[in-house]
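> Converting from the sequence shown to my numbering requires adding 11 to each position, the first position being numbered 1.
From the three backbone atoms N, C-alpha and C, an ideal C-beta is built for every residue, glycine too.
Fair warning: this is a prediction, and the values are worked out from it, not measured in the lab.
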Amino acid sequence: MSGTNDTASEEYGTARINQRGRLTIPKELRDELNLEDGTEFRVVRDGGDIRLVRELPDLETLTRGEKWGDEAFRDAGDATFGGR
Numbered sequence: 012m013s014g015t016n017d018t019a020s021e022e023y024g025t026a027r028i029n030q031r032g033r034l035t036i037p038k039e040l041r042d043e044l045n046l047e048d049g050t051e052f053r054v055v056r057d058g059g060d061i062r063l064v065r066e067l068p069d070l071e072t073l074t075r076g077e078k079w080g081d082e083a084f085r086d087a088g089d090a091t092f093g094g095r
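1. Residues bridged to Arg56 by DSSP?
2. In three-state DSSP terms, what is Glu22?
3. Give me the Cα-Cα distance between Pro68 and Glu47, rounded to the nearest whole angstrom.
4. When the distance is taken between beta carbons, is Arg65 closer than 8 Å to Phe52?
5. Specify, as a first and last residue, the run of the alpha helix (DSSP H) that Asp42 falls within.
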């Protein structure tokens, strides 16, 4: 049960819905997928199955508000290719 392959189907034990309709995802799977308190899922009915589809946040671009000069790209090339 180790590793995270998005296309693999692995069984992680059983889960039971409590009286309030809550379902606990097994700890091993929560740890492997870095699921934390507040992680949101879409609940999808797929025939007789239920799928939980994790909602991933949109990527954000962070900057320091500074403009990048030509040197930044030159420096990045030197760091990547060793100044060839």
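Inspection of the coordinates gives the following:
1. Ile61
2. coil
3. 14 Å
4. yes
5. Lys38 to Glu43
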